[in-house]
Amino acid sequence: MSRSPRDRSARSRSARDGRFVEAARAVVGVAHLVLAGRRGAPHRVLHGVLAVRQTGQAAITARIGTADAHTAGAVVDVLHGATMLPLLLLPRFRRFALGQAVLAVLLAVAEVASVGRGRR
């Protein structure tokens, strides 16, 4: 069974969008790595952990490249955003947690958008 040109076009667009999301995620991971390496930077350990997670997730999702991988990435982002909610109650972590929650929502939406509407 041959796929129509329209199906192939949508599939290549989805792959291209997915690569963009993972490239953006890798940039976020590198930014966390830079912040983790700065002396006196608040939340250095958290930035280090997030550097590993973001770059690892970008590499794995880009390598697999399927719609399911991007959907799983969106789930991970939503869970990350949810873990930031309790930190919003702590003044010391409030700004960090808010930034991470917003970033998690943006990345989750981008992952879902890269997948599209799915199969029919």
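For my numbering, count along the sequence shown from 1 and bump the result up by 30. Yeah, the Cβ is synthetic: ideal placement off N, Cα and C, and Gly gets one too. For clarity, every value in this text was computed on a predicted model and none was experimentally measured.
Gly103 sits in a helix when the DSSP states are folded into three classes. In the three-state DSSP reduction, Pro116 falls in the helix class (H, G or I). Within the region 50 to 97, complete beta strand (DSSP E) segments of at least 3 residues are not found at all. Taking each of Gln130, Thr91, Arg122 in turn and checking the Cα distance to Leu109, the smallest one comes out for Gln130.
With 16 or more neighbouring CB atoms inside 10 Å of its own CB, Val145 falls in the buried class.
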